[in-house]
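Residue numbers (the working numbering): 23 to 336. Yeah, the Cβ is synthetic: ideal placement off N, Cα and C, and Gly gets one too.
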């Protein structure tokens, strides 16, 4: 990939002695949407927080628009914050209950010294683009619905016109019909603003609708990454296949057949299994899987997979 907007190289993140992310590498092209999937505890949120500089990585490097942003501080970090914004998973936690929505939308402008009088017409236009009436401006977050609060969070993330937008579980906790509206809105905004997006979701239908490529994370490690239509149609890693088989679908006939269910829970990152960390739950595991950590290999369609016996031949 030439001249990516965001490059993550062998990124690791520990919380004390506990590894949350281990040696993750990927590049995000300008205008691309990358979906990050995996079970709870797989390290998805830790990965995107480290990639955004919200927590300092333990090892590895980050580059944004060609510049090294690993360990940024002060003015440089503030400039990066303006260019890279995040939609947080829980609007109730991300939006101050003491502030009116007009103040929540104005706050990023004030922080980054953007003249409010000049920017406010654009804020009102953005409010309409996310599907909110002007009347919400004088309300507090608890006075609007969950779907409207999510739209406020989206508008707040876009008010500075960032180049990179990170969405952490953008449809979590919403009714099914509202989930579809939020996904369609994000797709429209990505195209309309030419955004580069990183989307974390446990909902594979959300990723299927939004992502150009998919990164599958298990216990903080990348097990598969490739074009969304390849990964979601014909998975190469047994874990990816199990995720797809377990996902609820409107058409039961489209579920992957004869795929053994995953046994047990994600192991503790404090004491990860030897060899391939997925081998205790993998129905295809061999003695080699329990003894030797797999080396990532590239398949014919360009995807990368870390598996001794991938479901597709290299």
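For residue j and residue i, the rounded distance between their alpha carbons
i: residue 32; j: residue 244; result: 11 Å
i: residue 35; j: residue 69; result: 8 Å
i: residue 256; j: residue 263; result: 8 Å
i: residue 316; j: residue 290; result: 19 Å
i: residue 30; j: residue 285; result: 32 Å
i: residue 117; j: residue 127; result: 10 Å
i: residue 142; j: residue 129; result: 12 Å
i: residue 210; j: residue 173; result: 13 Å
i: residue 347; j: residue 71; result: Outside the modelled stretch of the chain, which goes from 23 to 336, sits residue 347, for which no answer is possible.
i: residue 65; j: residue 162; result: 32 Å
i: residue 24; j: residue 138; result: 37 Å
i: residue 67; j: residue 149; result: 27 Å
i: residue 3; j: residue 297; result: Because the chain is modelled from 23 through 336, residue 3 falls outside the range shown and cannot be assessed.
i: residue 113; j: residue 270; result: 25 Å
i: residue 324; j: residue 238; result: 15 Å
Integer-rounded CB distance, given that residue j should sit under 8 Å from residue i
i: residue 59; j: residue 236; result: 6 Å
i: residue 74; j: residue 108; result: 6 Å
i: residue 212; j: residue 55; result: 6 Å
i: residue 267; j: residue 332; result: 17 Å between Cβ atoms; not a contact.
i: residue 104; j: residue 182; result: 5 Å
i: residue 52; j: residue 27; result: 5 Å
i: residue 99; j: residue 220; result: The pair is not a contact, with the Cβ atoms about 18 Å apart (cut-off 8 Å).
i: residue 196; j: residue 168; result: 6 Å
Coarse secondary structure for residue i, derived from DSSP in three states
i: residue 232; result: helix
i: residue 215; result: helix
i: residue 36; result: strand
i: residue 246; result: strand
i: residue 62; result: coil
i: residue 48; result: strand
i: residue 70; result: helix
i: residue 115; result: helix
i: residue 190; result: strand
i: residue 80; result: coil
i: residue 199; result: helix
i: residue 306; result: coil
i: residue 120; result: coil
i: residue 75; result: coil
i: residue 130; result: helix
i: residue 57; result: strand
i: residue 94; result: coil
i: residue 238; result: strand
i: residue 106; result: strand
i: residue 289; result: coil
i: residue 256; result: coil
i: residue 220; result: strand
i: residue 179; result: helix
i: residue 321; result: coil
Buried versus exposed, by CB contacts within 10 Å (16 or more), residue i
i: residue 91; result: buried
i: residue 320; result: exposed
i: residue 62; result: exposed
i: residue 165; result: exposed
i: residue 272; result: Residue confidence is low: residue 272 scores 48 on pLDDT, short of 50, so the model does not pin down where it sits. No coordinate-derived value is stated.
i: residue 253; result: buried
i: residue 119; result: exposed
i: residue 179; result: buried
i: residue 313; result: exposed
i: residue 133; result: exposed
i: residue 79; result: buried
Selected residue, minimal CA-CA separation from residue i, among the options
i: residue 214; options: 223, 198, 241, 185; result: 185
i: residue 38; options: 28, 269, 77; result: 77
i: residue 334; options: 312, 192, 260, 316; result: 260
i: residue 102; options: 174, 124, 156, 187; result: 187
i: residue 47; options: 329, 323, 318; result: 318
i: residue 41; options: 288, 325, 303, 294; result: 294
i: residue 250; options: 57, 25, 27; result: 57
i: residue 242; options: 43, 156, 67, 51; result: 43
i: residue 123; options: 196, 170, 325; result: 170
i: residue 304; options: 198, 330, 323, 322; result: 330
i: residue 300; options: 323, 327, 322; result: 327
i: residue 86; options: 106, 80, 100, 97; result: 106
i: residue 190; options: 270, 207, 224, 197; result: 224
i: residue 322; options: 229, 248, 310, 218; result: 248
i: residue 153; options: 227, 234, 203, 240; result: 203
i: residue 194; options: 159, 110, 131; result: 110
i: residue 218; options: 226, 232, 140; result: 232
i: residue 115; options: 292, 175, 144; result: 175
Residue i Cβ short of 7 Å to the ligand GTP heavy atom set
i: residue 239; result: Absent from the structure shown: the ligand GTP. Ligands present: none.
Residue i at chain D interface by Cβ criterion, 8 Å
i: residue 182; result: Judged by its chain identifiers, the structure shown contains no chain D, having just a single protein chain.
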